[in-house]
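Below: the structure, in C-alpha cells.
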Amino acid sequence: MSFSQHLKNVVGWKTKRRILVLAVDDYGNIRIASKKARENLDKAGYSSSNRFDNYDTLETEEDLEALYEVLSSVKDKHGNSAIFTALALPVNIDFDKIIESDYRDYHYELLPTTFSKLPNYQNVWNLWKEGIESKLIFPQSHGREHLNLKLFKENLAKRDPETITCINNKSYVRISNNPYKTIRPSGAFGFDDFSETEEHKIIIKDGLDLFENVFGFRSDTFNAPGDRDHSILHKTLSDGGVKYLETPLVKNEHQGNGKYKRIFNYTSKRNEFGQTFLVRNCQFEPSSPKKKVDWVEYCLKQIKIAFYWNNPAIISSHRVNFCGLMDENNRAMGLSTLKTLLEQIVKEWPNVEFMTIPQLGDLMTNNS
Ligand SMILES: [Zn+2]
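Just add 4 to the spot in the sequence shown (first one is 1) and you have the working numbering.
Here you go:
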C-alpha cells in the first residue's frame, strides 16, 4: 500500500479501540429517475459513461431492504450491527413545479414528498424510519440539494436543452453546458466569484433546518455535496449546530476566479469555532470501473493501516454501489462485496466497534 495511505494516518486522534465508521454519501438524492429516463436522455444525445449518471437512483424499497439484511448480518464486540452514516439530502428538485413555471423558476420539495409522489416508492420513507430505529442507517447532512444552483438557474435562463430534457425526465445528471471550470453541476458549493459564497450561507442554513424538518433532529455532521465547502461557510455551519466537518486530507480550497489554497487536514483537527474535522482514510467503491481492484482486499489493507496507526477506520463510499433500480446486478455485486468485507472485518478484528460519525466525533472530543 502506498506511502500516501500511511500519510493519511500519521497525525490525529489515537485510540487502541478498533473503531469503524461507514460514511456513505448521496442518500435521498434523485440523480437518474428510471431506466426510461436514461433511455430518453440517451436518445436525445445525452449519454454518459459516468457511473452515477447510469446507476445512482433514489434508494428503492428493495435497495434498503437488501442493505439492511447485509448490515444486520454482522455484529461488533457489543453485538451492534454495522451502520451506515448516510450523508443525505433533505430536498429534491420539484420537477413538476419547474415545468409549471415554464422552466423559469427553481423549486424544491421535501424528501418525504418525493417518496410520496413516485410510484413504487410508497414504503421507502417508512423503511428509512425503520432503519434509523434499528440502528442500521443514520442520516447526517450532505447539504440541501446535490446541485449547483447558480449553474442550474443560468441554464434555465438559457433554456439549455440538456437541462430541460433532464427536468422533463425527472432527473439531474452531469450536464455539459457549463462555462465554469471551478463549478460542477452536482457541486452545490462550487463557485466562480467569491461573493457567491454569500448565497451558499443561505443554502446551508436552510439545508440544516430542512434536515431537521425531515429527519426530526439536527445534523451534527456536514459533508459538502460534490465540490468542497469554503471555510468561510464554517461559521454558518457552526451556528446551524454542525460540530463535525468532513474534509479531505489535502483540501484544495477555491478562493475565487480559479485561485486555490492548499489546506492540510487530519481527523481531530479543530477550527476556530470548535468544530472537529474528520478525514476518511479508507475507500470502498465496488461499482467503480476505474480501478480493477479487489475492493475487499483493498479496503481491508486500508483498515489495517488505520488500525496500525491506532486510528479509527473511516470508510468512504457512495449510494451508487448499492442501487439496483437500473440494474439489479449492480446492487447484488455491491452488497455481496460489502457483506464479504464486513465478514472479514469482524473475523480479523473481533473487538471492532461499529460507530456513526457523531458517535466517533463525540468520543474524540470528550477524550481529547
Ligand atoms: Zn455526494
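Even for Gly, the Cβ is constructed at its ideal location relative to N, Cα and C.
Check, Outcome
"Going residue by residue through the segment 276–330, where are the continuous alpha helix (DSSP H) segments of at least 4 residues, counting only ones entirely within it?", "299–312"
"State yes or no: is the C-beta of G230 nearer than 7 Å to some heavy atom of ligand 1?", "yes"
"Quick one: what's got a C-beta closer than 6 Å to L91's C-beta in the same chain, skipping five residues either side?", "D29, Q144, H146 and N227"
"Take the Cβ of L11 as the centre, count every other Cβ of all protein chains shown within 10 Å, and call the residue buried at 16 or more, exposed below.", "exposed"
"Using 7 Å as the cut-off, classify the Cβ of H204 as near or not near the heavy atoms of ligand 1, replying yes or no.", "no"
"Do N13 and A310 have their CB atoms nearer than 8 Å?", "yes"
"By the three-class DSSP mapping on this structure, what secondary structure does K255 have?", "strand"
"Please report the residue range of the beta strand (DSSP E) in which I141 lies.", "I141 to S145"
"Do I87 and L155 have their C-beta atoms closer together than 8 Å?", "no"
"Per DSSP, which residues does M368 bridge with? Please list them.", "Answer by DSSP bridge pairing: none, since M368 is not bridged."
"Can you pull the DSSP bridge partners for I206?", "Answer by DSSP bridge pairing: none, since I206 is not bridged."
"Between the Cα of Q363 and the Cα atoms of K79, Q9, L24 and F7, which residue gives the shortest distance?", "L24"
"Please report the residue range of the alpha helix (DSSP H) in which I136 lies.", "V128 to E137"
"Any idea which residues DSSP pairs G260 with across the strands?", "K263"
"Report the residue from S51, E65 and Y312 whose alpha carbon sits nearest the alpha carbon of P123.", "E65"
"Looking only at its own chain, which residues have a Cβ that is under 7 Å from the Cβ of T341, when we skip the five neighbours before and after it?", "P290, W299 and V300"
"Considering only residues of the same chain and omitting the five flanking positions on each side of Y264, which have a CB-CB separation below 7 Å?", "N256, E257 and H258"
"Quick one: give me the first and last residue of the beta strand (DSSP E) that R188 is part of.", "Note, R188: premise wrong, no beta strand (DSSP E); not H, not E."
"Does the beta-carbon distance from Y59 to L140 come in below 8 Å?", "no"
"So, does the segment 191–207 touch the segment 164–177, judging by three or more C-beta pairs under 8 Å?", "no"
"One question on the structure: do D210 and Y248 come within less than 8 Å of each other, judged by their Cβ atoms?", "no"
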